[in-house]
Amino acid sequence: MPTGYTGPIKDSIGFKDFVMLCARAMGACVMMRDEPITVKVPERFEPSKYSEERAKEAQQEIDEVKGMSDDVAEEKAKEDYDKRIGYIASVISERTDLLQKYTNMLRMVKVWQPPTEDHIGLKDFMIEQIESSIKFDCDTSYYLEKHPIWLSGRQWKEQRLAELYRNLDSYLVENIKEINRTEARNIWLKQLRESLPG
């Protein structure tokens, strides 16, 4: 039975086209792996703009925060604090609700009598799954202990700028890596195409 790559041989695909079709499964073209077979490998790949755009956004926000008045920074600090308090309350509520659901199901599983000895493993498995999920999905201790700190406007600006500069550095480094990866992919493609007959 032909694969997605060998199927076109039946339709007399040429060697060059077959090579380029199979190249889609290799590292340089791996991002095309899930695209339809009819999509041709481009002459050149272009680097993703994601990190470049995030870096521009981070720089823009840095400029905004730097130019922010103390009053606006105080408002932002309060908004951020309120948002963190709301998030913590939401997580605690969701996890508490989930704990109740898990506990109810665990209670039902524990009182259930397996029909045969062969079904005891199923009951044990269900109990283990629920208890494991309770441990990992329902723990609220971090959120109960980790209260957000109220920051002054100046403290908020310092903290926000430090975060934005870290993000900016990360995006700039990732953008350089993306450009280098893309160039390596393009060199691989060029070498492949040059190796193919006429």
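Okay, so the sequence shown: first residue is 71 according to my numbering, each after it adds one.
Ideal Cβ placement from N, Cα and C applies to all residues, glycine included.
- When the five nearest sequence neighbours on each side are left out, the beta carbons in the same chain lying within less than 8 Å of the beta carbon of ILE197 are those of LEU176, VAL179, LYS180, in order along the chain.
- With 16 or more other Cβ atoms inside 10 Å of its own Cβ, ALA125 counts as buried.
- Rounded to the nearest angstrom, the Cβ distance from GLU105 to GLY223 is 49 Å, too far for a contact under 8 Å.
- Around the C-beta of TYR241, 16 or more other C-beta atoms lie within 10 Å, and the residue is accordingly described as buried.
- Taking C-alpha positions only, ARG94 is separated from ARG251 by approximately 16 Å.
- The Cβ atoms of ARG230 and VAL135 lie closer than 7 Å to each other.
- From the listed residues HIS189, CYS99, GLU149, the smallest Cα separation to PRO218 is found for GLU149.
- In the structure shown, LEU169 falls within a helical segment according to DSSP collapsed to helix, strand and coil.
- Between the segment 232–246 and the segment 161–168 there are fewer than three C-beta pairs closer than 8 Å, too few to call the two in contact.
- With fewer than 16 other Cβ atoms from the protein chains shown falling within 10 Å of its own Cβ, LYS171 counts as exposed.
- For GLY223, the secondary structure class from DSSP, reduced to helix, strand or coil, is helix.
- ARG255 counts as buried, since at least 16 other C-beta atoms from the protein chains shown sit within 10 angstroms of its C-beta.
- The Cβ atoms of ILE249 and PRO112 do not sit closer than 7 Å to each other.
- Excluding five sequence positions before and after MET102, the CB atoms of its chain that fall closer than 7 Å to its own CB belong to ARG94, VAL109, VAL111, given in chain order.
- Linking TRP226 to LYS146 through their CA atoms gives a straight-line distance of about 8 Å.
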